[in-house]
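In our numbering, the protein residues as written are 763 to 990.
Now the structure itself:
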């Protein structure tokens with residue numbers, strides 16, 4: 763059943779991505795509104811309910827999330843009212859047609875194999891921040907198995923320190939169980955969202971390392987709650 767639902771979700775997703783991309787190019791000044799409509803549709807179609815703990819601070823210039831599923835982006839876009847600028851791997855934007863889901867809404871694409879990538883990242887994030895768009899990043903750099911956090915990459919730290927950003931760490935739970943795009947499995951469910959206290963980035967402090975420790979601690983505590 764999960765596999766059948768997963769295949770249906772993929773077909774639906776492919777069709778709606780195409781429509782959404784075309785709509786964003788047609789209404790260039792309203793790409794965020796188009797994305798919000800699309801995300802509401804996905805939340806309804808996937809049968810997702812939210813369980814939120816803590817408070818989202820939309821005054822923050824950056825959100826850092828753990829990453830385990832494509833659903834992470836859908837949930838965050840659904841929750842956050844501002845026009846987030848996601849940082850994505852160049853491989854995604856290079857995809858035929860589907861890469862436009864990054865290009866059309868002017869998200870940020872980086873080549874992690876290129877040494878000049880960090881310069882490009884800092885330039886692009888400054889541009890989006892100047893346009894009033896918070897930066898959204900996955901400090902792990904890739905998807906985890908949902909049972910533990912991977913070691914954080916330095917990209918988010920560099921961006922936050924360079925621009926002196928106020929950062930809110932956020933933890934998502936159960937997204938991989940609801941939507942596993944690698945196994946093509948899907949099922950309705952509850953996504954738990956835990957908002958941690960915002961922190962001010964400062965290159966003179968170890969805020970990033972302490973945030974990684976805190977996110978790991980809270981992640982493991984929440985997993986234990988779910989098991990018990």
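Positions of the beta carbon are idealized from the N, C-alpha and C atoms, including for glycine.
{"Query": "When you compare the segment 845 to 864 with the segment 769 to 783, are there three or more beta-carbon pairs, one atom per stretch, that lie closer than 8 Å?", "Result": "yes"}
{"Query": "Among residues of its own chain, excluding the 5 on either side of residue 953, which ones have a beta-carbon nearer than 8 Å to its beta-carbon?", "Result": "810, 811, 812, 813, 833, 837, 934, 935, 936, 937, 940"}
{"Query": "Can you check whether the CB of residue 847 is closer than 8 Å to the CB of residue 790?", "Result": "no"}
{"Query": "Among 876, 808, 885, 930, which residue has its Cα nearest to the Cα of residue 900?", "Result": "930"}
{"Query": "For residue 874, which residues of its own chain have a beta-carbon under 8 Å away from its beta-carbon, when the five flanking residues on both sides are left out?", "Result": "851, 852, 903"}
{"Query": "Leaving out five residues before and five after residue 982 in sequence, what residues of the same chain have Cβ atoms less than 7 Å from its Cβ?", "Result": "none"}
{"Query": "Measure the C-alpha to C-alpha separation of residue 887 and residue 870 and round it to an integer number of angstroms.", "Result": "8 Å"}
{"Query": "Taking the beta strand (DSSP E) that residue 928 belongs to, which residues open and close that run?", "Result": "928 to 935"}
{"Query": "Just the Cα atoms here: how many angstroms apart are residue 826 and residue 770?", "Result": "30 Å"}
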